[in-house]
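Chains as they are written, first to last, in my numbering: chain A, 2 to 115; chain B, 801 to 911.
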């Protein structure tokens with residue numbers, strides 16, 4: 002595709018439910034990043050994939066958060082037992098080689114937990 | 801870890817210059833970036849500078865880096881209404897480590 006695509010663009014879920022957020026990176030980009038942006042804050046790093054493997058998952062806040070990229074392309078961020086504090090915009094970025102200067106961000110998924 | 805601080809708001813008149821400031825704490829940060837975020841749009845990389853430089857100019861954008869004070873600034877010349885957005889400063893230790901962002905500066909341009 003032309004850019005990084007994230008679906009859905011908006012998601013409202015009830016507290017305690019499970020959600021999946023999808024990221025379609027730019028074709029051929031081997032590196033993929035997830036960030037979380039809470040209201041009034043800058044994006045915060047969650048996890049970084051190089052190919053199929055998570056090269057750095059140090060930003061995942063707790064074990065309710067998990068992400069996969071089974072074929073080295075599409076990635077899914079999974080959140081179990083959602084809490085109101087999980088409400089944020091979840092941003093995905095992809096990069097051809099893993100350098101930030103070549104990374105492109107998607108428009109994000111706005112998650113609201115009620 | 802790294803901490804990046806920015807002032808939250810800036811208001812300028814159209815045609816004036818805007819200067820957005822940022823400070824960071826990790827002296828090992830070697831890459832410093834400026835991103836622009838407009839409503840409904842993804843984060844857009846505007847420019848970046850390596851820590852071995854003290855200035856970089858790209859059309860209307862000038863980045864100044866004071867490594868001793870760990871201070872970064874972004875100057876936008878001849879600011880236009882289309883420059884209204886949130887500007888984020890970010891820092892990393894290397895070119896492929898995760899970005900650490902500030903909270904963003906909301907720039908309002910008054911016509």
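Note that beta-carbon positions come from the ideal geometry of N, C-alpha and C, so glycine has one too.
Fair warning: this is a prediction, and the values are worked out from it, not measured in the lab.
If I'm right that residue i touches residue j with Cβ under 8 angstroms, what's the distance once you round it to whole angstroms?
| i | j | result |
| --- | --- | --- |
| residue 879 of chain B | residue 817 of chain B | 7 angstroms |
| residue 895 of chain B | residue 101 of chain A | 6 angstroms |
| residue 951 of chain B | residue 891 of chain B | This structure does not reach residue 951 of chain B, given that chain B is present from 801 up to 911, and the question cannot be answered. |
| residue 112 of chain A | residue 88 of chain A | 6 angstroms |
| residue 38 of chain A | residue 107 of chain A | 12 angstroms between Cβ atoms; not a contact. |
| residue 850 of chain B | residue 44 of chain A | That belief does not hold up - the Cβ atoms of residue 850 of chain B and residue 44 of chain A are roughly 22 angstroms apart, past 8 angstroms. |
| residue 114 of chain A | residue 85 of chain A | 5 angstroms |
| residue 834 of chain B | residue 804 of chain B | About 11 angstroms separates the two Cβ atoms, so there is no contact after all. |
| residue 26 of chain A | residue 5 of chain A | 6 angstroms |
| residue 861 of chain B | residue 846 of chain B | 6 angstroms |
Taking the alpha carbon of residue i as the point to measure from, which residue in the options has its own alpha carbon closest?
| i | options | result |
| --- | --- | --- |
| residue 897 of chain B | A:73, A:38 and A:47 | A:47 |
| residue 813 of chain B | B:804, B:876 and B:841 | B:876 |
| residue 899 of chain B | B:908, B:888 and B:907 | B:888 |
| residue 90 of chain A | A:81, A:83, A:27 and A:109 | A:109 |
| residue 865 of chain B | B:830, B:843 and B:886 | B:830 |
| residue 820 of chain B | B:909, B:910, B:905 and B:911 | B:905 |
| residue 71 of chain A | A:13, A:4 and A:23 | A:23 |
| residue 52 of chain A | A:76, A:9, A:42 and A:65 | A:76 |
| residue 867 of chain B | B:806, B:859, B:822 and B:801 | B:822 |
| residue 104 of chain A | B:825, B:811, B:802 and B:844 | B:844 |
| residue 908 of chain B | B:810, B:806 and B:801 | B:810 |
| residue 903 of chain B | B:801, B:884 and B:837 | B:837 |
| residue 885 of chain B | B:910, B:839, B:911 and B:815 | B:839 |
| residue 66 of chain A | A:78, A:10 and A:26 | A:78 |
| residue 10 of chain A | B:856, B:871 and B:842 | B:842 |
| residue 49 of chain A | A:59, A:21 and A:3 | A:59 |
| residue 870 of chain B | B:910, B:852, B:858 and B:911 | B:852 |
| residue 883 of chain B | B:910, B:801 and B:802 | B:910 |
| residue 57 of chain A | A:21, A:17 and A:35 | A:35 |
| residue 826 of chain B | B:802, B:855 and B:848 | B:802 |
| residue 806 of chain B | B:874, B:881 and B:893 | B:874 |
Tell me whether residue i sits in a helix, a strand or coil according to DSSP, three-state version.
| i | result |
| --- | --- |
| residue 896 of chain B | coil |
| residue 85 of chain A | helix |
| residue 883 of chain B | helix |
| residue 11 of chain A | strand |
| residue 852 of chain B | coil |
| residue 103 of chain A | helix |
| residue 877 of chain B | coil |
| residue 823 of chain B | strand |
| residue 836 of chain B | strand |
| residue 911 of chain B | coil |
| residue 79 of chain A | strand |
| residue 847 of chain B | strand |
Problem set entry | the region 27-34 of chain A contacting the region 88-97 of chain A, beta-carbon criterion three pairs below 8 angstroms | Judged by Cβ distances under 8 angstroms, the region 27-34 of chain A makes contact with the region 88-97 of chain A, as three or more pairs qualify.
Exercise. Along the chain, which unbroken stretches of the beta strand (DSSP E) at least 3 residues long are found entirely within the region 31-85 of chain A?
Worked result: Complete beta strand (DSSP E) runs here, min 3: 32-38, 45-51, 54-57, 66-69 and 76-80.
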